[in-house]
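Participant: Residues in the sequence shown are numbered consecutively from 717, following this note's numbering. A virtual CB, placed ideally from N, CA and C, is assigned to each residue, including glycine. Submitted below is the structure of interest, expressed as structure tokens.
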Amino acid sequence: MPYKVSTLILTLLASLFNSNLIANAQSSPPDVRNMKLIFEDNFNESVLNSSKWVPCYWWNTNGCSNTGNKELQWFTPDEILPQGNYLRLRARKRDFKASDGITYNYTSGIITTDRFGSSGSPRFAFKYGYVEARLKVPKGQGLWPAFWLLPVDHSWPPEIDILEVLGHEPNKVYTTFHWRDSGGVHRSAGQPWVGPDFSADWHTFAVRWQPDSIIWYVDGVERFRYSNRTYIPAKDMYLILNLSVGGIWPGPPDKNTQFPAYLDIDYVRVWQEPQEVSLVLNLEPGWNLISLPVEPSERAIGKIFDPLAGKYDVVYAFNGSQYEGYIPGLNSSKLKALEAGHGYWVYMNEAAKLEVKGKVINRALQLKTGWNLVGYVATRSSPIAQTLSSINGKYSAVYTFDTASDTYQGYYPDGTSSNLKIMEPGKGYWIHALHDSVLIFEDEK
Ligand SMILES: [Ca+2]
């Protein structure tokens, strides 16, 4: 019975729509539109934002250094220089009698999101996410800019070095992870990436830190990956940006090193993966035109539809030229997996609720000229014209299917009387595109 019915309906549909349609996911790495921005500083203010940053390591408020590395500078707040649209950390050759009793020959700048001094709470810390900064590094022997993460519990390691550059090789970015193995031995993994002269212009440096991987990006391209989850930190970490001078690794400046030298910071941003939510779709007897309102954690169609066993006959997707079906128990079914952004036909024998667990994403859908069967990726209803504003002028009609009345409902942006006013999570939609275009749902994060 189901197969016959579906053949009939689908033949009807095929004749109804001169179909040439598909919705494709725009791929990562990683699409921050699908993530939640949890920290941002664009450095557009005339002073350092002290609710976000402190001008020292946590162990001192009155200037500081990192003597473990035998660094030659004393970090002072007067080397942190807001420029109106970026922040400048300046290193100078300057004798400075520091509060630790030592006279340093250089001063420089550091900002961190840890706490200020020995008490209080961190300005900002996070566990897992995507962190990115746009930087211009200095060049010159003995200069050592860094952008990195340390734990707020002040243990060490772990340490995630998003960027380190040694000024005598300004075209080489070091990307490094430090951890302690099960025997307590300090280990590190990394891979220097040789690219352009990073001191000549701005570049972005980023890390995506997840429970099973840490991935480094330079200008949006993956350059290194660590993926032994045993050692990947699962604790809150804070941000550090600093310009060190000298130390064991870079060695001291030489006569050619130019001072003052600068680490310039255009912005620092941190995003996190969206939380998983659970939504329920109410399916009615007959044909339902549905979509997944969230990106499912489990995409296998059998898994998603298991709870409805016996209550439905078939699920169809449209692949751009033909339908692909899934019939429960039929291993040769062509349709194997479901994803947000696509529309699906489901034939129900009785009413049932379908629970979908997954993450809220903001997906860009590639629409081809002609009919596209898409899903509305959202968790709230919204007015159709507004929801489709990203393709304004590029589509002529939208249809969805009302199961109860067994009829289509349409919306026409030219003002023709429409009985479809809103887009609803969980519904599928045919959109007639006048041009190849990109539909972006971005009403929520
Ligand atoms: Ca900026």
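What are the residues that DSSP puts in a beta bridge with GLN988?
Facilitator: Mapped onto the sequence shown, residue 988 falls at position 272. Answer is LYS752.
Participant: Pick out every residue whose C-beta is nearer than 5 Å to a heavy atom of ligand 1: which are they, in chain order?
Facilitator: Result: ASN758, PHE759, ASN801, TYR802, ASP982, TYR983.
Participant: Quick check on the DSSP output: the alpha helix (DSSP H) that includes TYR1020 runs from which residue to which?
Facilitator: By one-based count along the sequence shown, residue 1020 stands at place 304. First, the residue type needs correcting, since residue 1020 is Ile and not Tyr in the sequence shown. 1017 to 1021 is the extent of the alpha helix (DSSP H) around ILE1020.
Participant: In or out: HIS1151 buried (at least 16 other Cβ within 10 Å) or exposed?
Facilitator: Indexing the sequence shown from 1 puts residue 1151 at position 435. Exposed, since its Cβ has fewer than 16 Cβ neighbours within 10 Å.
Participant: How many angstroms separate the CA atom of MET953 from the CA atom of SER1106?
Facilitator: As a first step, residue 953 must be located in the sequence shown, where it is residue number 237. As a first step, residue 1106 must be located in the sequence shown, where it is residue number 390. The straight-line gap from Cα to Cα measures roughly 37 Å.
Participant: Which one of TYR1063, SER929, LYS1073 has the shortest CA to CA distance from ASP1118?
Facilitator: Start at 1 with the first residue of the sequence shown, and residue 1118 comes out as number 402. Looking at the Cα atoms, TYR1063 is the closest of the given residues.
Participant: So, helix, strand or coil for THR891, using DSSP?
Facilitator: Looking up residue 891 in the sequence shown gives position 175. Strand, per DSSP.
Participant: Going by alpha carbons, who is nearest to SER915 out of GLY1059, GLU787, LYS852?
Facilitator: In the sequence shown, the residue the question calls residue 915 occupies position 199. Comparing Cα-Cα distances from SER915 to each of GLY1059, GLU787, LYS852, the minimum goes to LYS852.
Participant: Just the C-alpha distance for TRP1003 and THR1116, rounded to the nearest angstrom, thanks.
Facilitator: What you label residue 1003 is simply residue 287 of the sequence shown in a count that begins at 1. What you label residue 1116 is simply residue 400 of the sequence shown in a count that begins at 1. Using only the alpha carbons, I get a separation of about 12 Å.
Participant: So ALA849 and PHE863 are in contact, right, with Cβ under 8 Å, and what is the actual spacing, rounded?
Facilitator: Here residue 849 refers to the residue found at position 133 of the sequence shown. Here residue 863 refers to the residue found at position 147 of the sequence shown. About 5 Å; that satisfies the 8 Å criterion.
Participant: Round the Cβ separation of ARG985 and GLU756 to the nearest angstrom and send it over; I've been treating them as touching at under 8 Å.
Facilitator: In the sequence shown, residue 985 corresponds to position 269, counting from 1. In the sequence shown, residue 756 corresponds to position 40, counting from 1. Correct: roughly 5 Å between the Cβ atoms.
Participant: Considering only their Cβ atoms, is the gap separating PRO969 from GLY899 smaller than 8 Å?
Facilitator: The sequence position of residue 899 within the sequence shown is 183, counting from 1. The sequence position of residue 969 within the sequence shown is 253, counting from 1. It is not a contact, given that the beta carbons lie outside the stated cut-off.
Participant: Looking only at C-alpha atoms, which of HIS884, PHE1021, SER1133, GLY817 sits nearest to GLY973?
Facilitator: The residue you call residue 973 lines up with position 257 of the sequence shown. Checking the displayed sequence, the identity of residue 973 turns out to be Thr instead of Gly. For the residues HIS884, PHE1021, SER1133, GLY817, the minimum Cα distance to THR973 belongs to HIS884.
Participant: Return the first residue and the last residue of the beta strand (DSSP E) that ILE878 is part of.
Facilitator: By one-based count along the sequence shown, residue 878 stands at place 162. Looking at the DSSP string, the run of the beta strand (DSSP E) that includes ILE878 is 875 to 880.
Participant: Would you please state the rounded distance, in angstroms, between the beta carbons of ILE1020 and PRO1012? I believe it to be under 8 Å.
Facilitator: The residue you call residue 1020 lines up with position 304 of the sequence shown. The residue you call residue 1012 lines up with position 296 of the sequence shown. Contact flag correct, Cβ pair sits at about 6 Å.
Participant: Between which residues of its own chain and LYS1050 is the CB-CB distance below 6 Å, once the five residues before and five after are set aside?
Facilitator: Residue mapping note: residue 1050 aligns to position 334 of the sequence shown, counting from 1. These residues qualify, in order along the chain: GLU1040.
Participant: Can you list the beta strand (DSSP E) stretches of 3 or more residues lying completely in the region 778 to 805, in chain order?
Facilitator: Counting whole runs of 3 or more residues, the region 778 to 805 contains the beta strand (DSSP E) stretches 789 to 791, 796 to 798.
Participant: Among PRO874, PRO873, GLN907, whose alpha-carbon lies nearest the alpha-carbon of GLU880?
Facilitator: Working through the sequence shown from its first residue, we reach residue 880 at position 164. Looking at the Cα atoms, GLN907 is the closest of the given residues.
Participant: Residues in its own chain within less than 6 Å of GLY1074 by CB, not counting five upstream and five downstream?
Facilitator: For the purposes of this step, residue 1074 is taken as residue 358 along the sequence shown, with counting starting at 1. Taken in chain order, the residues that qualify are VAL1010, GLU1011, PRO1012, SER1013.
Participant: For THR1085, report the span of its beta strand (DSSP E) as first-last.
Facilitator: Stepping through the sequence shown from its first residue, residue 1085 is reached at position 369. Here THR1085 belongs to no beta strand (DSSP E), and DSSP marks it neither H nor E.
Participant: Determine, using beta carbons only, whether LYS752 and TRP987 come nearer to each other than 8 Å.
Facilitator: Here residue 752 corresponds to residue number 36 of the sequence shown, with the count starting at 1. Here residue 987 corresponds to residue number 271 of the sequence shown, with the count starting at 1. The answer is yes: Cβ separation under 8 Å.
Participant: Would you identify the three-state DSSP class for SER828, choosing helix, strand or coil?
Facilitator: Here residue 828 refers to the residue found at position 112 of the sequence shown. Before going on, a small fix: residue 828 reads as Thr here, not Ser. Looking at THR828 - three-state DSSP - the assignment turns out to be strand.
Participant: Rounded to the nearest angstrom, what separates GLY833 and ALA950 at their Cα positions?
Facilitator: Start at 1 with the first residue of the sequence shown, and residue 833 comes out as number 117. Start at 1 with the first residue of the sequence shown, and residue 950 comes out as number 234. Taking the straight line joining both Cα atoms gives about 24 Å.
Participant: Give the DSSP bridge partners of GLN1038, in chain order.
Facilitator: Indexing the sequence shown from 1 puts residue 1038 at position 322. Answer is none; GLN1038 lacks a bridge partner.
Participant: Pick out the complete beta strand (DSSP E) segments inside the region 1087 to 1133, 3 residues or longer, and give them in chain order.
Facilitator: Entirely contained in the region 1087 to 1133, the beta strand (DSSP E) runs reaching 3 residues are, in chain order, 1111 to 1118, 1123 to 1127.
Participant: Within its chain, find whatever has a CB closer than 6 Å to the CB of CYS780; leave out the 5 residues flanking it on each side and keep chain order.
Facilitator: By 1-based counting over the sequence shown, the position of residue 780 is 64. Around CYS780: CYS772, TYR773, PHE791.
Participant: With distances taken from CA atoms, which of VAL1076, ARG1015, LEU1083 is nearest GLY1036?
Facilitator: Taking the first residue of the sequence shown as 1, we reach residue 1036 at position 320. The shortest C-alpha separation from GLY1036 is found at LEU1083.
Participant: Compute the Euclidean distance between the alpha carbons of ALA1033 and SER960, then round it to the nearest angstrom.
Facilitator: In the sequence shown, residue 1033 corresponds to position 317, counting from 1. In the sequence shown, residue 960 corresponds to position 244, counting from 1. Going from the Cα of ALA1033 to the Cα of SER960 covers about 57 Å.
Participant: Please list the terminal residues of the continuous beta strand (DSSP E) segment that includes THR920.
Facilitator: In the sequence shown, counting from the first residue as 1, residue 920 sits at position 204. Counting along the chain, the beta strand (DSSP E) containing THR920 begins and ends at 919 to 926.
Participant: One question on the structure: do LEU1005 and ILE981 come within less than 8 Å of each other, judged by their Cβ atoms?
Facilitator: Against the sequence shown, residue 1005 aligns to sequence position 289. Against the sequence shown, residue 981 aligns to sequence position 265. No. Outside cutoff.
Participant: Does DSSP classify LEU1136 as helix, strand or coil?
Facilitator: Counted from its first residue, the sequence shown places residue 1136 at position 420. Looking at LEU1136 - three-state DSSP - the assignment turns out to be coil, as it is neither helix nor strand.
Participant: DSSP three-state label for LEU957, please.
Facilitator: Reading the sequence shown from its first residue, position 241 is the one you call residue 957. Three-state DSSP puts LEU957 in a strand.
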